Structures are given as C-alpha cells and as structure tokens.
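In our numbering, the protein residues as written are 29 to 364.
Notes follow once the structure below has been shown.
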Ligand code: P6P
C-alpha cells in the first residue's frame with residue numbers, strides 16, 4: 029500500500045508510531061501520554077472560560093450560571109487523576125494539590141508499571157489576570173513489585189529515574205510538550221479537530237541565548253553569589269554577547285517554554301529567608317530539569333549539583349532552580 033502522505037501527526041498517531049518503532053514496547057507509556065492529553069483538553073476548556081466563572085470562589089460556591097464552582101487547580105487535579113486511575117498504565121499519583129500520594133487500588137492499576145507526579149495547574153494565581161498557566165508532569169517506573177499498592181518509595185525517586193516528563197501550556201495556543209530519552213516533542217492543540225498535533229518535533233534548547241528570567245523583586249534577598257550574575261546579565265552589550273533581555277512572566281511553564289524555544293536562562297534562586305527557594309522538586313523542578321536536559325540544556329540547584337541527581341527526602345520538598353541554555357548555565361556556575 030502506498031505510504032499515505034501524512035503531513036500532520038496527532039498525539040495519538042505519534043505515540044502509536046513510536047510504539048511501532050520500539051521493539052517489545054507494551055504501549056503502556058503511549059497510552060499514559062494519550063490519557064494525559066485527554067485530561068489536558070478537558071482542563072483547557074475550563075481554563076479558557078476562567079474569566080466567566082468565579083474561580084476565586086471557595087469550594088461549594090456557585091457561579092453566575094449557578095454551576096458549582098471548583099477552584100481550577102482542584103478541577104485540574106481531578107481530571108488528571110481521573111484519566112490515570114481509569115487508564116491501564118498508572119499505579120498511583122502524587123500531586124502538589126494533595127498532602128500525600130494516592131495509590132490506585134484496583135486490579136489493573138496495581139499491575140501497572142508507572143507512577144506519575146503532577147503539578148496540575150501551576151501558576152494558577154495568574155488565571156485572574158489572563159496570563160498563561162500550565163500543567164507539569166513526570167512519569168517514573170514504580171520500584172515496588174507490580175500487583176501490590178504503590179508506595180511512597182515509588183514517588184521519592186531522583187529525576188534521573190524519570191521515564192518521561194512534560195507540560196501543557198494554556199497560552200495563546202494550548203501546547204503539550206513531552207520528553208522521553210528519545211527527545212522532546214511539542215504538540216499544538218488544533219481546536220478544529222480537538223487533537224494535539226505535532227508542531228515542534230525534536231525540540232532542542234538553543235546552546236546559548238539572550239534572555240534571563242528571574243524575579244528582580246527578590247534581588248536583594250538572593251544569595252550573594254547570584255546577585256553578581258544577575259548584574260552580569262544587565263551589563264551584557266554588543267561587545268560581550270549581549271544585550272540581554274529580562275523576561276519574567278511569573279509562570280514557570282510559560283517562562284521555560286519561551287526560553288526552550290528562544291534560548292535563555294530561568295532562575296528561581298533561594299533567598300536568605302528561604303534558602304530552598306519556592307519551587308517544588310518533585311512537581312516542577314524534576315520534570316523541567318528532565319525536559320531541559322533531554323533538549324541539550326542544563327538544570328542545577330547550585331554549583332555542581334544537577335537537579336536530576338537530587339535524592340528526594342520528602343514529596344513536597346523545594347529546591348532552588350537554574351535551568352536553560354548550556355552556555356548560560358556554565359557562565360552562571362562560574363559565579364556560584
Ligand atoms: P514569584 C507560580 O506560582 C510559581 O509556582 C511558578 O510557576 C513561577 O515560576 C513562580 O511561582 C513565580 O514565583 O515568587 O516570582 O511570583
């Protein structure tokens with residue numbers, strides 16, 4: 029049969045094609061990624077009409093249409109947990125929205141070989157002002173034997189053990205970007221068919237860039253070694269690889285997505301009051317460190333400490349995060 033000329037792959041077609049190309053793959057990871065894509069489409073619908081509902085309302089309040097208002101991050105958490113619990117690939121989920129992990133206690137889920145960590149709606153405070161927000165996820169092989177309930181050790185794994193990681197950005201368009209060791213693939217939601225379609229194949233972090241992203245409002249709180257690097261960024265000009273531009277949206281997914289495409293460095297340093305910084309290791313930093321690294325960039329928490337090598341001690345621990353273009357992180361490390 030002639031090879032049908034297929035210009036555009038949907039997420040489903042792409043993951044199934046990957047499955048066909050990987051010997052002895054069971055299809056569980058492909059199925060899991062499709063499940064995440066489905067939940068992302070449902071969250072996207074709610075995020076896109078956020079301005080029309082009273083999302084500031086507490087649980088149980090009703091909106092102008094008389095619908096029960098769910099805070100969007102609670103809604104998003106339910107959507108991702110729901111599809112994974114009723115899928116065939118996930119034994120449990122840990123979420124920034126939940127105090128502890130949830131093992132899925134049914135026969136199929138107990139047999140499943142993956143567990144997922146999620147930040148179901150990162151940057152949700154930005155919804156009220158119509159700024160891009162996102163979902164961040166990581167996928168691990170479980171460490172416990174299949175057939176039993178997932179345990180905390182299945183989730184408390186270093187980022188180097190990630191099988192896949194990705195994010196959805198609910199922005200001017202809605203994109204799903206995921207990384208496996210085979211590369212980083214970007215899909216854009218095509219509303220005309222309601223499918224994520226491959227728009228950014230094999231994404232690579234530009235070797236260097238001219239964008240630095242940091243919250244200048246905390247400048248005087250940052251570590252003394254970080255401040256001179258930020259000043260170095262401000263002093264860049266035509267004669268020394270600049271000028272640099274400062275871009276900071278305050279939504280990790282949006283800031284890192286832009287820098288992945290254009291090149292740049294994203295920083296959330298520790299401060300004197302909070303040396304561990306604000307960002308969560310399991311739900312924000314590890315997934316992004318995996319994506320950045322697979323794409324050819326670098327992600328560290330301090331000099332010589334790659335994020336992916338951190339051995340987690342608790343599900344909700346935080347870490348400073350410096351991630352982005354290889355040459356920019358290497359220059360930063362000379363200051364740390
Ligand atoms: P700040 C959003 O609340 C978030 O967790 C990340 O998405 C974002 O990068 C960071 O916090 C922004 O924090 O302190 O600069 O407002």
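We put the beta carbon where it would ideally sit given N, CA and C, even for glycine.
Owing to the predicted nature of the structure, the values given are computational and were not obtained by experimental measurement.
- Message: Between 180, 185, 229, 189, which has its C-alpha nearest residue 204's C-alpha?
- Response: 229
- For residue 332, is the beta carbon positioned less than 8 Å from some heavy atom of the ligand P6P? no
- Item | Cβ contact check for the stretch 297-309 and the stretch 173-183: 3 or more pairs under 8 Å | no
- Task: Reducing DSSP to helix, strand and coil, say where residue 329 ends up.
- Result: strand
- Query: What three-state label does DSSP hand residue 85 in the structure shown?
  - Reply: Only weak support exists for where residue 85 lies, its pLDDT of 42 falling under 50; the coordinates are left without a value.
- Message: Tell me the DSSP secondary structure of residue 248 in three-state form.
- Response: helix
- Who pairs with residue 118 in a beta bridge, going by DSSP? 142
- Per DSSP, which one or two residues make a beta bridge with residue 241? 294
- Query: With a CB to CB cut of under 8 Å and the five nearest residues on each side skipped, what residues in its chain are close to residue 365?
  - Reply: Nothing about residue 365 can be reported from this structure: the residues present for the chain run from 29 to 364 only.
- Cβ of residue 110 within 9 Å of Cβ of residue 67? yes
- Could you tell me whether any non-hydrogen atom of the ligand P6P is closer than 8 Å to the CB of residue 173? no
- Item | Proximity winner among 221, 120, 238, 313, relative to residue 130 (alpha-carbon distances) | 120
- Message: According to DSSP, is residue 289 part of a helix, a strand, or is it coil?
- Response: helix
- Query: Taking buried to mean at least 16 other C-beta atoms within 10 Å of its own C-beta, is residue 201 buried or exposed?
  - Reply: exposed
- Message: Given a cut-off of 9 Å on the beta-carbon distance, is the pair residue 39 and residue 65 in contact?
- Response: yes
- Contact shell at 5 Å, judged by CB to any heavy atom of the ligand P6P, ordered along the chain: 150, 151, 243, 278, 279, 280
- Message: Using a 10 Å radius around the Cβ and a threshold of 16 neighbouring Cβ atoms, would you call residue 322 buried or exposed?
- Response: buried
- Query: Assuming residue 293 contacts residue 360 under a Cβ cut-off of 8 Å, what Cβ separation, rounded to an integer in Å, is found between them?
  - Reply: 7 Å
- Mind reading off the beta-carbon distance from residue 235 to residue 353? Whole number of angstroms is fine, and I expect it under 8 Å. 6 Å
- Item | Option nearest residue 252 by Cα separation, candidates 299, 357, 123 | 299
- Query: When DSSP labels each residue in this structure, what does residue 70 get in the three-state scheme?
  - Reply: helix
- For residue 220, which residues from the same chain have a beta carbon less than 6 Å from its beta carbon, with the 5 sequence-adjacent residues on both sides left out? none
- Item | Cβ neighbours of residue 151 in the same chain (closer than 6 Å, five flanking residues each side left out) | 161, 279
- Per-residue DSSP class, three states only, for residue 355: helix
- Item | Expected contact under 8 Å - CB spacing of residue 153 and residue 118 to nearest Å | Not a contact, Cβ separation roughly 28 Å.
- Item | Where residue 195 sits in the DSSP three-state scheme | strand
- Message: Can you tell me whether residue 312 is buried or exposed? The criterion is at least 16 other CB atoms within 10 Å of its CB, across all chains shown.
- Response: buried
- Message: I need the DSSP call for residue 150, collapsed to helix, strand or coil.
- Response: strand
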